[in-house]
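Note that the sequence shown covers residues 6 to 147 in the numbering used here. Built from N, CA and C at the ideal position, the CB exists for glycine as well.
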Amino acid sequence: MKRRVILNIRGTQRYQDQEPEVIELTTEGEMLLRDGGWDIRYDESELTGLSGVTTTFRVEPDQVILTRSGNLHSQMVFQQGVAHESLYQMEFGALMLRICATFLFYDITPDGGVIDLSYTIEIENSAAGLIDYHLDIRTIDQ
Numbered sequence: 006m007k008r009r010v011i012l013n014i015r016g017t018q019r020y021q022d023q024e025p026e027v028i029e030l031t032t033e034g035e036m037l038l039r040d041g042g043w044d045i046r047y048d049e050s051e052l053t054g055l056s057g058v059t060t061t062f063r064v065e066p067d068q069v070i071l072t073r074s075g076n077l078h079s080q081m082v083f084q085q086g087v088a089h090e091s092l093y094q095m096e097f098g099a100l101m102l103r104i105c106a107t108f109l110f111y112d113i114t115p116d117g118g119v120i121d122l123s124y125t126i127e128i129e130n131s132a133a134g135l136i137d138y139h140l141d142i143r144t145i146d147q
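Encoded structure:
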């Protein structure tokens with residue numbers, strides 16, 4: 006079952022010794038129930054600095070997987086309290102990331118839902134900061 010959705014996304018990045026950076030985005034996407042979990046997918050825009058990238062949040066029991074494809078490739082696994090490593094591949098090179106979800110909540114139904122996610126991030130073994138995502142998902146078709 007694939008549904009068109011409106012996504013309201015708020016991302017806050019807190020890096021060491023810097024003011025928090027907040028990005029808010031409202032965009033169309035789709036959600037799909039597949040193999041016992043939900044895929045929430047949308048195309049990034051110039052506003053996020055990721056034009057040419059498709060982002061997918063895969064919601065499964067006890068974890069969320071964030072995959073980016075297109076002009077960059079990345080897959081980050083979020084399980085509360087569990088650290089995961091991820092290769093972040095860009096056109097000009099790659100970075101090794103280590104992420105650990107400090108908070109993970111989701112409530113997804115066929116009509117939409119919410120994902121709340123906070124995680125720490127290390128870039129090439131150096132602590133970098135804390136990132137929060139809040140997604141409101143609302144279907145726009147019947």
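Through-space distance from residue j to residue i, alpha-carbon basis
{"i": "Gly42", "j": "Leu71", "result": "13 Å"}
{"i": "Asn76", "j": "Thr114", "result": "31 Å"}
{"i": "Tyr20", "j": "Leu30", "result": "20 Å"}
{"i": "Val27", "j": "Glu33", "result": "20 Å"}
{"i": "Asp44", "j": "Leu38", "result": "6 Å"}
{"i": "Gln23", "j": "Tyr138", "result": "18 Å"}
{"i": "Leu122", "j": "Lys7", "result": "24 Å"}
{"i": "Ala132", "j": "Ile142", "result": "31 Å"}
{"i": "Thr53", "j": "Thr59", "result": "12 Å"}
{"i": "Ile145", "j": "Val69", "result": "23 Å"}
{"i": "Arg46", "j": "Thr61", "result": "4 Å"}
{"i": "Gly134", "j": "His78", "result": "21 Å"}
{"i": "Asp48", "j": "Val119", "result": "18 Å"}
Contact belief for residue i with residue j at Cβ below 8 Å, rounded distance in angstroms
{"i": "Glu129", "j": "Met101", "result": "6 Å"}
{"i": "Ile136", "j": "Gln18", "result": "5 Å"}
{"i": "Ala106", "j": "Gln85", "result": "5 Å"}
Spatially closest choice to residue i from the options, by CA coordinates
{"i": "Gly16", "options": "Leu140, Thr144 and Asp146", "result": "Leu140"}
{"i": "Phe83", "options": "Tyr124, Met36 and Met6", "result": "Tyr124"}
{"i": "Asp67", "options": "Ile145, Lys7 and Phe108", "result": "Phe108"}
{"i": "Met36", "options": "Asp22, Arg9, Tyr111 and Val27", "result": "Arg9"}
{"i": "Leu55", "options": "Glu96, Gly134, Ile11 and Glu127", "result": "Glu96"}
{"i": "Ile11", "options": "Asp116, Met81 and Leu92", "result": "Asp116"}
{"i": "Glu127", "options": "Asp112, Val119, Ser91 and Thr144", "result": "Ser91"}
{"i": "Asp40", "options": "Arg63, Tyr47 and Arg46", "result": "Arg63"}
{"i": "Gln94", "options": "Asn13, Thr61 and Arg73", "result": "Arg73"}
Neighbour-count burial assignment, residue i, 16 or more Cβ in a 10 Å radius
{"i": "Glu51", "result": "exposed"}
{"i": "Ala88", "result": "exposed"}
{"i": "Gly98", "result": "exposed"}
For a minimum of 3 consecutive residues, which ranges assigned as the beta strand (DSSP E) are wholly contained in the segment 25-104?
26-39, 42-48, 58-65, 68-75, 79-83 and 88-95
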